[in-house]
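Numbered per mature numbering (1 follows the signal peptide of the UniProt record, and there is no 0), the sequence shown spans residues -18 to -1, 1 to 227. Backbone N, C-alpha and C fix where the C-beta goes; we use that ideal spot for every residue, glycine too. Notes for the one structure printed next.
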Amino acid sequence: MTLGLLACGLFFLLDAFAPPQDLPWKPLDLRQPIGWATADKVARLEVDDRASPQQVEARTTACLALLRQAGVQVRRGQDRDDGGFCVVRGAVRLTGGEMTPVSPSGLAMRCPLAVRHVLWDRHVLQPAARDVLGVEPARIDSLGTYACRRIYGSQETTARPSQHARANAMDVASVRLADGRTVSVLRDWDGRGAAGAGGAVFLRRLRDGGCRLFGNVLTPDYNAAHRDHFHLDGAARGVCTRSPR
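Pasting the structure below:
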């Protein structure tokens, strides 16, 4: 009885005073900072591979509403299914609004990945640009999201599909700044690019913040295939390390 009362009291205290982004029972709000429960809340938006078309639409409609409530312009994209290998369900396209523009614009991606990207942009990339480089970001240069291929572009028939085959990954090559500079993964990861040492600090802030949201965050420290870009995906489990394991 006493333990039950204590548990109830603790719950009500947490519910009333703890930051909502840290509480798994509070609704996801993209305007709130990234918290302990944020990644799990985003994961609830995922569409199960066995979901019916009606379930896909219901989950994607809710995801679209969440983005629009946060001031993001987004539209429903076209789903794909080549027979089981490259399958995209719940596709959306970010087209503008309260987010750093992405080039090329309107990339197709699964809706939960779009939510992760918006959170990363707002609460990681934009603050890092201001704090480290003293300037606002003007554009994110992407190498793409959807590509029907195996992991690392392997030709081995036993290799599993890449997260890109599900439009569940985005590759980021550089960030253009409002003062005209560009921070490039290829040139600035080691601090020898146009942004100097600050460029390396900035990119590592992007990596570390991404690890709180994405399943995999692969950088030049992971392998040579990622020497010129970050790979950010929504896999359920993944790696966010400085070297392969």
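Cβ pair residue i, residue j closer than 8 Å
i      : j      : result
Val24  : Val97  : yes
Val157 : Pro119 : yes
Gly180 : Leu95  : no
Arg104 : Leu5   : no
Val117 : Asp161 : yes
Alpha carbon of residue i to alpha carbon of residue j, nearest angstrom
i      : j      : result
Ala176 : Val167 : 11 Å
Asp153 : Gly216 : 12 Å
Ala218 : Gly197 : 6 Å
Arg92  : Ala147 : 11 Å
Thr201 : His208 : 5 Å
Leu188 : Val106 : 6 Å
Ile122 : His213 : 13 Å
Arg57  : Arg50  : 9 Å
Cys68  : Ala52  : 30 Å
Pro83  : Ala111 : 14 Å
Met81  : Val54  : 7 Å
Glu39  : Leu46  : 10 Å
Residues near residue i in its chain [Cβ-Cβ closer than 6 Å; skip 5 each side]
i           : result
Leu195      : Ala21, Arg98, Leu101, Trp102
residue 300 : Residue 300 lies beyond the range of the chain shown here (-18 to 227); nothing can be said about it.
Asn150      : Arg92, Leu95, Asp215, Gly216
According to DSSP, residues forming a beta bridge with residue i
i      : result
Asn198 : Asp215
Val70  : Arg62
Secondary structure of residue i, DSSP reduced to three states
i        : result
Ile122   : strand
Pro226   : Low confidence applies to Pro226: its pLDDT is 40, below 50, so where it sits in the model is not reliable enough to give any reading.
Gln108   : helix
Leu89    : coil
Val24    : helix
Ala96    : helix
Thr(-17) : helix
Thr82    : coil
Asp63    : strand
Thr127   : coil
Gln145   : helix
Ala160   : coil
Gln14    : coil
Other residues of its chain near residue i: CB distance less than 8 Å, five sequence neighbours each side excluded
i     : result
Leu89 : Arg75, Leu76, Ser124, Gly126, Thr127, Tyr128, Met152
Gln37 : Val29, Asp30
Ala44 : Leu27
Cutoff 7 Å; reference residue i; Cβ partners in own chain excluding five residues on either side
i      : result
Arg227 : Annotation note: pLDDT 35 at Arg227 (below 50); position unreliable, coordinate value reported separately. Closer than 7 Å at Cβ, skipping near neighbours: Val221.
Trp7   : none
Ala182 : Asp170, Trp171, Asp172, Gly173
His211 : Leu125, Asp153, Val154, Ala155, Val167
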